[in-house]
Amino acid sequence: MADASSRTDTSTVLDMDDKNQRLENGQSGAMALASNSSDRSDRSDKPMDQKVLRRLAQNREAARKSRLRKKAYVQQLESSKLKLASLEQELQKARQQGIFISSSGDQTHAMSGNGAMTFDLEYSRWQEEENKQINELRTAVNAHASESDLRLIVDGIMAHYDEIFRLKGIAAKADVFHILSGMWKTPAERCFLWLGGFRSSELLKVHAYDIDQIISHRL
DNA sequence: CGAGCATTACCACACACATA
DNA sequence: TATGTGTGTGGTAATGCTCG
């Protein structure tokens, strides 16, 4: 099929050259149409001809560009489709591996392995979505979008952050050490946390009072 | 409101391929 | 080998949208 189309391309290019030649020689249908219309209005022949020819040429070019844009859009959709299929396959594989681990002997490792892996996958997807939303917000601001439109986007971003807290909650139940270690973060995030002097033990200090209460209650 | 532009339907044409 | 069919491509006209 590709072979056929490429050959068609060559032929149509040749065809185009031929048509252009005819156009230049004034033998095309367009020229005939222009001359017919100018016959009807025999006041200003040349300006009309020039105007019609210019319009035809512009429209020809516009149609060509429009088709190229459409082709690029379709190609982009196709590649997105392939990428999505590949991601789904990857996710499926990861889930299967998780199930496999959880069905093996050591339940502690099984849960932690599955939870951590799932969270890492979810987090990378969350980050992709976050980038998209930030870009959308940036575009809307640059385009001077209305207050309500901006509010909608910001609300979406806030909801998106709620989602990561929810995911962290689930992941912490499965493997709290994975979440505390921060190994799921990007290198840049880890760098900023290091610069800020963050230690996982800070979380214990924050909850020290609660922990005391729980322990004393149990005793 | 008119000019300019983008998109799309329709058409003609060329080509590849299948089939009688 | 002639012919029918499917497909790709480009030109033109019609239409809708935007902008000054």
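Per the UniProt record's numbering, residue 1 is the first one in the first sequence, and the count goes up by one each step. Quick reminder that beta carbons are idealized off the backbone N, C-alpha and C, glycines included. Please read these numbers as outputs of a predicted model, since none were measured by experiment.
Problem set entry | Own chain residues within Cβ distance below 7 Å of residue 164, not counting five before or after | 126
Exercise. Three or more beta-carbon pairs under 8 Å between the stretch 87–97 and the stretch 137–144, yes or no?
Worked result: no
Problem set entry | Inter-residue Cα distance where the pair is residue 55 and residue 154 | 45 Å
Problem set entry | Where the alpha helix (DSSP H) containing residue 177 begins and where it ends | 176–181
For this session: With a 10 Å radius around its C-beta and 16 neighbouring C-beta atoms as the bar for buried, classify residue 184 as buried or exposed.
Result: buried
Problem set entry | Per-residue DSSP class, three states only, for residue 150 | helix
Exercise. So residue 171 packs on residue 115, CB below 8 Å; how close in whole Å?
Worked result: 5 Å
For this session: Could you have a look at residue 156 and say whether DSSP puts it in helix, strand or coil?
Result: helix
For this session: Assign residue 158 to one of two classes, buried (16 or more other C-beta atoms within 10 Å of its C-beta) or exposed (fewer than that).
Result: exposed
Exercise. Expressed to the nearest angstrom, what Euclidean distance is found between the alpha-carbon atoms of residue 230 and residue 175?
Worked result: Absent from the model: residue 230. The displayed extent of the chain is 1 to 219, so no value can be given.
Exercise. Looking at residue 122 and residue 167, is the spacing between their C-beta atoms short of 8 Å?
Worked result: yes
Exercise. In terms of residue numbering, what span does the alpha helix (DSSP H) encompassing residue 218 cover?
Worked result: 208–218
For this session: Consult DSSP for residue 197 and reduce its assignment to one of helix, strand or coil.
Result: coil
For this session: Between the Cα of residue 252 and those of 75, 156, 118 and 198, spot the shortest distance and give me the residue it belongs to.
Result: Summary: the structure shown does not reach residue 252, with the chain confined to residues 1 through 219, and so no result is reported for it.
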